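Peer 1: The structure that follows is given in the form of structure tokens.
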Amino acid sequence: MFITFEGPDGSGKTTQISPLSDYLIQNGYSVLITREPGGTVIGDQIRQVLSDLKNTGMHPRSETLLFLAARAQLVEQVIKPNLEKGFIVLSDRYADSTMAYQGYGHQNDLGQIKNLINFATGGLKPDLTLLFDMDVEEGLQRKADGSEWNRLDAYSLEFHQRVRKGYHILAESEPQRWVKIEAGQSPEKIRAAIREAVQARLITTAGS
Ligand code: TYD
Numbered sequence: 005m006f007i008t009f010e011g012p013d014g015s016g017k018t019t020q021i022s023p024l025s026d027y028l029i030q031n032g033y034s035v036l037i038t039r040e041p042g043g044t045v046i047g048d049q050i051r052q053v054l055s056d057l058k059n060t061g062m063h064p065r066s067e068t069l070l071f072l073a074a075r076a077q078l079v080e081q082v083i084k085p086n087l088e089k090g091f092i093v094l095s096d097r098y099a100d101s102t103m104a105y106q107g108y109g110h111q112n113d114l115g116q117i118k119n120l121i122n123f124a125t126g127g128l129k130p131d132l133t134l135l136f137d138m139d140v141e142e143g144l145q146r147k148a149d150g151s152e153w154n155r156l157d158a159y160s161l162e163f164h165q166r167v168r169k170g171y172h173i174l175a176e177s178e179p180q181r182w183v184k185i186e187a188g189q190s191p192e193k194i195r196a197a198i199r200e201a202v203q204a205r206l207i208t209t210a211g212s
């Protein structure tokens, strides 16, 4: 099973991945955690180029292709082989980030972005996607208070609001794949909501 964590910046999704992994391991599953952009040596080099605050001149199309290049490497080198071994793969962001940020955020042609994603991933889609939804300004403030302010975070508030709206549209268009988590709740409630969503999916998968 392939599970992805998505949401606007500062939604707190990253801190929820390890607790879910621990829980799954306690229940006898083998788990692999990865993140985007990055997750491979090549992908981590691309991540640096994408994140660098000095790269203010990066064109949105170059940005899109770099995210996809990192993903193509990750899919082939890490995600597919581990799914084939029977692992549950948890990824901090995946293709829906490209739809939300490069598609809705930059207002690029969504059909073209979808085709590029298909090319980069070979069509690999998550079985379950958790959307950590929260107010955009609150999320950016959280991130600004932390340590990892990057080139993408510095885009306008309107950009980030389009990203959030984009996530809502994506989730509504494929309700069987997405589960929305209110990211403003207490960490305990968030953990419980995640477990519930994952358990439901594991039961469905086991029965099919
Ligand atoms: P990161 O610091 O990892 O942010 P987060 O902790 O919120 O995941 O930076 C990744 C940034 O890249 C984040 O702003 C989202 C953005 N992004 C895209 O724009 N497109 C993509 O395809 C991916 C994977 C990430």
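Mapped onto our numbering, the consecutive letters of the sequence shown carry residue numbers 5 to 212. From the three backbone atoms N, C-alpha and C, an ideal C-beta is built for every residue, glycine too. Just so it is clear, the structure is predicted and the values come from calculations on it, not from any experiment.
#1: For I121, does the count of other Cβ atoms within 10 angstroms reach 16, so buried, or fall short, so exposed?
#2: Report the CB separation of L135 from G11 in whole angstroms; it is logged as a contact under 8 Å.
#3: Let me make sure I understand the geometry here. Which of R166, N31, N86 has the alpha-carbon closest to that of G109?
#4: Would you give the residue range spanned by the alpha helix (DSSP H) that D149 belongs to?
#5: For N119, does the count of other Cβ atoms within 10 angstroms reach 16, so buried, or fall short, so exposed?
#6: Buried or exposed: Q145, going by 16 or more other Cβ atoms within 10 Å of its Cβ?
#7: Do you know whose CA, among D26, A76, S177, A158, lies nearest D56's CA?
#8: Using a 10 Å radius around the Cβ and a threshold of 16 neighbouring Cβ atoms, would you call V45 buried or exposed?
#9: I'd like to confirm the pairing. Which residues does DSSP put opposite T133 in its beta bridges?
#10: Please name the residue, chosen from E162, G143, V82, that lies closest to G42 on a Cα-to-Cα basis.
#11: Assuming G102 and F123 form a contact by the criterion Cβ under 8 Å, report the distance between their Cβ atoms to the nearest whole angstrom.
#12: Quick check: what's the CA-CA separation for V183 versus E80?
#13: Threshold first: 3 residues or longer. Then list the beta strand (DSSP E) segments lying entirely within the segment 22-76, N to C.
#14: Taking the continuous alpha helix (DSSP H) assigned at L161, which residues delimit it?
#15: From T133 to A104, what distance separates their C-alpha atoms?
#16: Quickly, what does DSSP pair L94 with across the bridge? List them, please.
#17: In three-state terms, what does DSSP make of N112?
#18: Which word fits N112, buried or exposed, when buried means at least 16 other C-beta atoms lie within 10 angstroms of its C-beta?
#19: Provide the residue span of the alpha helix (DSSP H) that contains L87, from first to last.
Peer 2: Let's see:
#1: Here I121 is buried: its Cβ has 16 or more other Cβ atoms, across all protein chains shown, within 10 Å.
#2: The pair is a contact, with the Cβ atoms about 6 Å apart (cut-off 8 Å).
#3: Distances from the CA of G109 to each of R166, N31, N86 were compared; the closest alpha carbon is that of R166.
#4: Start and end: 140-149.
#5: N119 should be labelled exposed.
#6: An exposed status is given to Q145, since fewer than 16 other beta-carbon atoms sit within 10 Å of its beta-carbon.
#7: Selected option, being the one with the closest Cα: A158.
#8: Looking at its Cβ environment, which holds fewer than 16 other Cβ atoms inside 10 Å, V45 is exposed.
#9: Looking at the DSSP assignment, T133 forms a beta bridge with T8, W182.
#10: That would be V82, whose Cα lies nearest to the Cα of G42.
#11: Strictly speaking, residue 102 in this sequence is Thr, with Gly absent from that position. Between F123 and T102 the Cβ distance is about 12 Å, and since that is not below 8 Å, they are no contact.
#12: Distance between V183 and E80, taken at the CA atoms: about 26 Å.
#13: Runs of the beta strand (DSSP E) inside the segment 22-76: 35-39.
#14: Counting along the chain, the unbroken alpha helix (DSSP H) around L161 starts and ends at 161-177.
#15: T133 and A104 have their alpha carbons spaced roughly 13 Å apart.
#16: In the DSSP output, where bridge partners are listed per residue, L94 has I7, I37.
#17: When secondary structure is reduced to three states using DSSP, N112 falls in the coil class, being assigned neither helix nor strand.
#18: So N112 counts as buried.
#19: Unbroken alpha helix (DSSP H) run through L87: 84-88.
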